[in-house]
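This report refers to the structure that appears directly beneath it.
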Amino acid sequence: MIGLLAAVLLAGILPALAPSAAQAITGGNPVTNNDLAFVAEVRNTAAGGLCTGSLIHPSWVLTAVHCSVPSSVGDMTVRVGNNVADSGGQVRRVTRILRNPYYQGGHNDVALLELSSPVTTVTPVRLATPADAHLWDGVQGGPFTPYDDGLATGWGQDATGALPNQLQYAAVSITPSQPDNLGIKRIMVNRGPCPGDSGGPLLVEVDGTWVQAGVFKGGSCGGASSYSEVGAGANRDWILSQLTKLPYTPFGLADWDRDGHQDIITRQDATGDLWLYPGESLRGYSSAQRVQIGWSWNGYSSFGVTDWDHDGHQDIITRQNDTANLWIYPGESRRGPSSASRSQIGNGWAGYTSFGAVDWDRDGHQDIITRQDATGNLWIYPGESSRSPTSTPRVQIGNGW
Numbered sequence: 107m108i109g110l111l112a113a114v115l116l117a118g119i120l121p122a123l124a125p126s127a128a129q130a131i132t133g134g135n136p137v138t139n140n141d142l143a144f145v146a147e148v149r150n151t152a153a154g155g156l157c158t159g160s161l162i163h164p165s166w167v168l169t170a171v172h173c174s175v176p177s178s179v180g181d182m183t184v185r186v187g188n189n190v191a192d193s194g195g196q197v198r199r200v201t202r203i204l205r206n207p208y209y210q211g212g213h214n215d216v217a218l219l220e221l222s223s224p225v226t227t228v229t230p231v232r233l234a235t236p237a238d239a240h241l242w243d244g245v246q247g248g249p250f251t252p253y254d255d256g257l258a259t260g261w262g263q264d265a266t267g268a269l270p271n272q273l274q275y276a277a278v279s280i281t282p283s284q285p286d287n288l289g290i291k292r293i294m295v296n297r298g299p300c301p302g303d304s305g306g307p308l309l310v311e312v313d314g315t316w317v318q319a320g321v322f323k324g325g326s327c328g329g330a331s332s333y334s335e336v337g338a339g340a341n342r343d344w345i346l347s348q349l350t351k352l353p354y355t356p357f358g359l360a361d362w363d364r365d366g367h368q369d370i371i372t373r374q375d376a377t378g379d380l381w382l383y384p385g386e387s388l389r390g391y392s393s394a395q396r397v398q399i400g401w402s403w404n405g406y407s408s409f410g411v412t413d414w415d416h417d418g419h420q421d422i423i424t425r426q427n428d429t430a431n432l433w434i435y436p437g438e439s440r441r442g443p444s445s446a447s448r449s450q451i452g453n454g455w456a457g458y459t460s461f462g463a464v465d466w467d468r469d470g471h472q473d474i475i476t477r478q479d480a481t482g483n484l485w486i487y488p489g490e491s492s493r494s495p496t497s498t499p500r501v502q503i504g505n506g507w
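To convert, count from 1 in the sequence shown and add 106; that's the numbering used here.
Right, here's the structure in full:
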C-alpha cells in the first residue's frame with residue numbers, strides 16, 4: 107500500500123535524466139538572465155527525481171507536497187540563483203519539510219522546504235495577495251476574460267521527454283479558477299508545464315513585478331494544467347501561518363490612523379509585507395485588526411516612522427540594503443506609504459542601523475537618530491528641511507550602544 111501510494115504521488119516528478127539541449131515546458135523558451143533567479147531546482151534523491159520550487163523567503167522554498175514524498179530532510183537539496191541546470195547558483199540542503207496537513211489526493215498540494223542556511227544573493231518572489239485575485243478569478247458576479255499574461259516556469263522536460271540545461275518559461279492564459287470537489291480552488295492554464303515542473307510557480311504581473319499566484323500540481327504535458335492557488339484562499343493562509351512564526355523587524359510606534367492610540371508598524375521578514383497593528387488602549391494592540399500597508403520590503407532595513415514632511419500623515423524612513431541610500435516613503439493616507447513618490451534623503455549609510463526620527467532640537471525639522479555599528483556610538487543628524495538630514499555638524503549623544 108505504501109509503495110502504491112508513493113508511485114501515485116511521484117507521478118508528477120521527473121525521474122533523474124541527463125541534461126539535453128532541447129527546450130522544456132511545452133511552447134517554452136530558455137531564461138537567458140537572472141530575472142527569475144528565485145525559481146528553484148529541487149532534487150529528491152530518495153525518489154530519484156527533479157521538481158521545481160520558488161524561493162519565497164531567504165530560508166524557505168515553496169514547492170508541491172508530492173515532490174517531497176517519499177523523503178526525509180537528508181534526501182533533498184535545492185539550487186537557486188542560476189538559470190543553468192546543475193551549475194552555479196546557491197545550493198542548500200533541506201533541513202525541514204512542512205507539508206500542508208490538509209494535503210490529500212492532490213488537494214492542498216503545497217509544501218515548504220527550510221534551507222540549511224539563508225540565500226542572501228537572490229530576491230525572493232512575493233506571493234500574490236487576495237487583492238490580485240481578479241487576475242485569475244475575475245470580478246465577482248461579472249464576466250471573466252482569460253488573463254493572457256501568466257508565466258509558467260520550471261526545470262522540467264518538454265513534450266518529447268528531453269530535459270534542458272536551462273530554466274524554461276512560457277506565457278500562459280489563465281482561465282477562471284474553479285473549486286474542486288473539496289472546495290479548494292485550483293488555477294487552470296492552457297499549456298506549459300511538464301514532468302519536472304511540479305512545484306513550480308505560476309506568476310502574474312502586478313505593478314511591473316512578477317508575483318506568485320499558484321504552485322504547479324499536475325496536468326497533461328502541453329495541455330491544460332492545474333495549479334494550487336497560493337495568492338488567496340486556504341493554501342495562502344497556511345503558508346503565511348507557518349511564516350508568521352518567523353521574526354518580525356520592528357519599524358516603530360506612531361499614531362498611524364490618528365485615533366489617539368499608538369500603533370505598531372512592523373515588517374514580516376518571511377514575506378516582506380508591512381503591517382499596521384492598531385493600538386486599542388494603553389494596554390495593548392489588536393492582532394486581529396492588523397492592516398497590510400505595504401509589501402516587497404525585503405530589500406530594506408533600519409526603519410523609522412515619523413511625519414517627516416509635516417502633512418499630517420506618518421512617513422517611513424528606511425535604508426536600502428544594496429545601495430545604502432536613505433529614503434523617505436511619504437504616507438499619503440491611513441492605508442500605507444507611497445513608493446511612487448519616495449525621496450532619497452541620504453547615501454552612504456551602510457554602517458548605521460536602528461534609525462529613528464524626532465524633532466530632537468525643537469527647530470521644527472525632524473532629526474535622525476542612529477547607531478554607528480562599528481563604534482556603538484549614538485548620533486543625531488539634524489534635519490534642515492523636509493528633504494534631507496545633514497551630517498555636518500552631527501552630534502554624538504551616546505556610546506556603548
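Yeah, the Cβ is synthetic: ideal placement off N, Cα and C, and Gly gets one too. Here the structure is a predicted model, which is why all the values come from computation and not from measurement.
Query                                                                                                             : Result
Presumed contact (8 Å Cβ cut-off) between Gln272 and Val137, rounded CB distance                                  : 6 Å
Proximity of Arg205 and Val184 at Cβ, strictly below 8 Å                                                          : no
Through-space distance from Gln210 to Gly289, alpha-carbon basis                                                  : Residue placement at Gly289 is flagged as unreliable, the pLDDT there being 39, under the threshold of 50; a coordinate-derived value is accordingly withheld.
Check whether Ala258 and Pro224 have beta carbons under 8 Å apart                                                 : no
According to DSSP, residues forming a beta bridge with Asp379                                                     : Gln374
Residue(s) in a DSSP beta bridge with Gln398                                                                      : Trp381
Proximity of Leu432 and Ile423 at Cβ, strictly below 8 Å                                                          : yes
For Leu288, the three-state DSSP class (helix, strand or coil)                                                    : Here Leu288 scores only 36 on pLDDT, less than 50, and its place in the model should not be relied on; the value that follows carries that caveat. Three-state result, Leu288: coil.
Whole-angstrom distance between Tyr383 and Gln395, CA atom to CA atom                                             : 7 Å
Pair within 8 Å by beta-carbon distance, Gly306 and Phe322                                                        : yes
C-alpha distance - Ala237 paired with Leu346, whole-angstrom precision                                            : 16 Å
Top-ranked residue by Cα proximity to Gln472, from Asp417, Ala480 and Ala456                                      : Asp417
DSSP-derived helix/strand/coil call for Ala128                                                                    : Because the pLDDT of Ala128 is 28, which lies under 50, any placement of that residue in the model is unreliable, and the number read from its coordinates should be weighed accordingly. Ala128 falls in the coil class under three-state DSSP.
Per-residue burial, Asn404 [other beta carbons within 10 Å of its own, 16 or more giving buried]                  : buried
Sequence-distant residues of the same chain with beta carbon closer than 6 Å to Leu241, five excluded per side    : Tyr253 and Val310
Bounding residues of the alpha helix (DSSP H) (the contiguous stretch that carries Asn150)                        : Here Asn150 belongs to no alpha helix (DSSP H); instead the beta strand (DSSP E) covers Val145 to Asn150.
Sequence-distant residues of its chain with Cβ nearer than 6 Å to Gly504 (five each side left out)                : Leu484
Three CB pairs or more closer than 8 Å across the segment 138-155 and the segment 359-368                         : no
Cβ-Cβ distance between Thr459 and Ser408 below 8 Å                                                                : yes
Test item: CB-CB of Val278 and Phe144 under 8 Å                                                                   : no
Spatial neighbours of Ser447 in its chain, beta-carbon cut-off 7 Å, leaving aside the 5 residues before and after : Pro436
Proximity winner among Thr226, Thr476 and Asp375, relative to Val464 (alpha-carbon distances)                     : Thr476
Separation of Trp344 from Trp316, as counted between CA atoms                                                     : 21 Å
Candidates Gly454, Ile434 and Pro443: closest to Asp428 by CA position                                            : Gly454
Neighbourhood of Gln426 by C-beta, 7 Å cutoff - its chain only, sequence neighbours within 5 removed              : Gly405, Tyr406 and Trp433
Whole-angstrom C-beta distance between Ser332 and Gly325, which should lie under 8 Å                              : 5 Å
Coarse secondary structure for Gly339, derived from DSSP in three states                                          : helix
Spatial neighbours of Ala430 in its chain, beta-carbon cut-off 8 Å, leaving aside the 5 residues before and after : Asn453, Gly454, Trp455 and Ala456
Nearest residue (CA-CA) to Tyr354, options Leu142, Gln368 and Trp381                                              : Trp381
Residues near Ala239 in its chain [Cβ-Cβ closer than 7 Å; skip 5 each side]                                       : Gly337 and Ala338
Cβ neighbour criterion (16 or more within 10 Å) applied to Ala480                                                 : exposed
Burial state of Arg342, where buried means 16 or more other Cβ atoms lie within 10 Å                              : buried
Range covered by the beta strand (DSSP E) that runs through Trp242                                                : Not the beta strand (DSSP E): Trp242 falls in the alpha helix (DSSP H), residues His240 to Asp243.
DSSP three-state assignment for Pro301, whether helix, strand or coil                                             : coil
Three-way DSSP call (helix, strand, coil) for Val190 in this model                                                : strand
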